[in-house]
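Asks: In the numbering used here, the protein residues as written are 2 to 410. Idealized CB from N, CA, C, for every residue including glycine.
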Amino acid sequence: MHAWPASEVPVLPGQGRDLRIHDTATGERVTLTPGPVARLYVCGITPYDATHLGHAATYNAFDLVQRVWLDTKRQVHYIQNVTDVDDPLLERAAATGEEWTALAERETALFREDMTALRMLPPREFVGAVESVPDIVPLVERLRDMGAAYELEGDVYFSVESDRHFGEVSRLDAATMRRLSGERGGDPDRPGKKNPLDPLLWSAAREGEPSWDGASLGRGRPGWHIECVAIALRYLGMGFDVQGGGSDLAFPHHEMGASHAQAVTGEHPFARTYVHAGMVGLDGAKMSKSQGNLVFVSALRREGVDPVAIRLVLLAHHYRADWDYTAGDLERATERLARWRAAVSRPDGPPADAVVEEIRAALADDLDAPAALAAVDRWAAAQHEHGGTDEGAPGVVSRAVDALLGVAL
Ligand code: 5CA
Ligand code: ZN
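1. Output the residues surrounding the ligand HEM, defined as those with a CB atom closer than 6 Å to any ligand heavy atom, in chain order.
2. Can you list, in chain order, the residues of its chain whose CB lies under 6 Å from that of Gly17, leaving out five sequence neighbours each side?
3. With respect to 8 Å, is the separation between the Cβ of Val276 and the closest non-hydrogen atom of the ligand 5CA below this value?
4. Should Ala95 go down as buried or exposed, given a rule of 16 or more other Cβ atoms within 10 Å for buried?
5. Give the range of the alpha helix (DSSP H) segment to which Arg21 is assigned.
6. Determine which residues share a DSSP beta bridge with Arg222 and list them.
7. Go ahead and pull the three-state DSSP assignment for Tyr326.
8. Given that a residue counts as buried once 16 or more other Cβ atoms are within 10 Å of its Cβ, and exposed if not, what is Met147?
9. Beta carbon of Ala94: closer than 8 Å to some heavy atom of the ligand 5CA?
10. Exposed or buried, what is His254 when buried is set at 16 or more other beta-carbons lying within 10 Å of its beta-carbon?
11. To the nearest angstrom, how far is it from the Cα of Trp70 to the Cα of Glu9?
12. Given this structure, state the Cα-to-Cα distance separating Ala206 from Val43, to the nearest angstrom.
13. Can you look up His78 in the DSSP assignment and give me helix, strand or coil?
14. Leaving out five residues on either side along the sequence, give the residues of the same chain with a beta carbon under 6 Å from the beta carbon of Gly1.
15. Is it buried or exposed, Pro351, if we count other Cβ atoms within 10 angstroms and call 16 or more buried?
16. Under the three-state reduction of DSSP, which class applies to Asp354: helix, strand or coil?
17. Can you tell me where the alpha helix (DSSP H) holding Gln263 begins and where it ends?
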């Protein structure tokens, strides 16, 4: 698939900082040490209802990761998938009578527009599950041939016991794993499985559902976790720097993906660091398609909300926090944007070097975007109160806010 256009990222004077970030697998902050080309995989949307503020908040977090890396003069090899065939997508299409492919295409197109409007840097490859079937099939065959997968009534399951590192990504107890498996796409109660947690790798063709040629697996469609493994291994290989997504993906999705990849390659780890963003809710409930409590980026845009203000709403919350969206968020962001724009509209102002360093330091410290916004607020307040004589300082602040926060003033 094609991604979306990139916005320019200004190059800043001075030195970028290495990112310290919370790693789910160790429960600690780690300093990331990518090579000259940092490798990032972020789990993409299931395109039946895009893009709500929760999605946007998660992608904002990983956009910041990229911007910090770019500021250290590294390149970023960023991959994002699109789960363009899966149960929820097929269920939605069946419920509305729309062709599932048309639904996926329409929502993916809308997602691209939203990401462009929000100035999220595009992935180098934006890859669908459907186009990855030719990579998925041999992986599943290999797992089965090595005894890490087994057949059950035509379906193929991964055996979680085949990876000695299983459980190390999310570090949850058995009861929690079982509960989350049931809540998040697994089928722990299906009789005949070796372990209730074992996830589907390949689902045999069923009447009325799309299916693909699975060679020795028979016709069917891929399971969810193996999709991201096939895509990450094709484009990034084992031991890539960061796998990211919302905290709802730590288990089972990222746990299972890591185990699939570790079992099939015999190498460890799949990702060096696992990073998870908090959940955004509305009125006290997680924003989700099934809850029907969604605030869509496209709906806000249609109402005439400046996408830069939407981005400032996201940045005002720490990426790891769970938070609820309220109208007050947008009011505060709109006011802040107006204050910042007025402050950079003059040719001179208070010195800019310190604020650039404060933004860098805040982001390097576990992506503390709220602290970065506070630093710019202080500079803008100084500009409004007494101005300053540094020629070009507003331009420097403006470029720093653009490069590091994706905010165009
Ligand atoms: N296609 C899979 C990943 S392979 C998927 O989870 N799709 S999704 O459309 O449900 O979510 C897309 C991304 O947004 C995921 O990283 C998910 O963790 C994140 N996300 C979903 N809901 C929220 C929410 N309410 N708040 C924050 N992030 C969310
Ligand atoms: Zn994924």
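Replies: On the basis of the supplied data:
1. Although the ligand HEM was asked about, the structure shown includes only the ligand 5CA and the ligand ZN as ligands.
2. Locating residue 17 in the sequence shown gives position 16, where the first residue counts as 1. The residues Asp72 and Thr73, in chain order, have a CB closer than 6 Å to that of Gly17 in the same chain once the five nearest residues on each side in sequence are set aside.
3. Locating residue 276 in the sequence shown gives position 275, counting from the first residue. Outside the cutoff, so no.
4. The sequence position of residue 95 within the sequence shown is 94, counting from 1. With fewer than 16 Cβ atoms within 10 Å of its Cβ, Ala95 is classed as exposed.
5. If you number the sequence shown from 1, residue 21 lands on position 20. First-last for Arg21: Arg21 to Asp24, but that is the beta strand (DSSP E), not the alpha helix (DSSP H).
6. The residue given as residue 222 occupies position 221 in the sequence shown. Its beta-bridge partners are Ser204.
7. In the sequence shown, the residue the question calls residue 326 occupies position 325. Of the three classes helix, strand and coil, the one that applies to Tyr326 here is strand, per DSSP.
8. Here residue 147 refers to the residue found at position 146 when the sequence shown is read from its first residue. Flag for Met147 reads exposed.
9. Reading the sequence shown from its first residue, position 93 is the one you call residue 94. No; taking the cut-off as 8 Å, the Cβ of Ala94 has no heavy atom of the ligand 5CA nearer than that.
10. Numbered from its first residue, the sequence shown carries residue 254 at position 253. Buried, by the Cβ-count rule.
11. The residue you call residue 70 lines up with position 69 of the sequence shown. The residue you call residue 9 lines up with position 8 of the sequence shown. Rounded to whole angstroms, Trp70 to Glu9 spans 15 Å at the Cα level.
12. Mapped onto the sequence shown, residue 206 falls at position 205. Mapped onto the sequence shown, residue 43 falls at position 42. Per the coordinates, the alpha-carbon of Ala206 lies some 29 Å from the alpha-carbon of Val43.
13. By 1-based counting over the sequence shown, the position of residue 78 is 77. Strand at His78.
14. Residue 1 falls outside the range modelled here, since the chain spans only 2 to 410, and no answer is possible.
15. Residue 351 sits at position 350 when you count from the first residue of the sequence shown. Looking at its Cβ environment, which holds 16 or more other Cβ atoms inside 10 Å, Pro351 is buried.
16. Here residue 354 corresponds to residue number 353 of the sequence shown, with the count starting at 1. Secondary structure of Asp354 (DSSP, three-state): helix.
17. On the sequence shown, position 262 is the one that residue 263 refers to. Gln263 -> alpha helix (DSSP H) spans Glu256 to Thr266.
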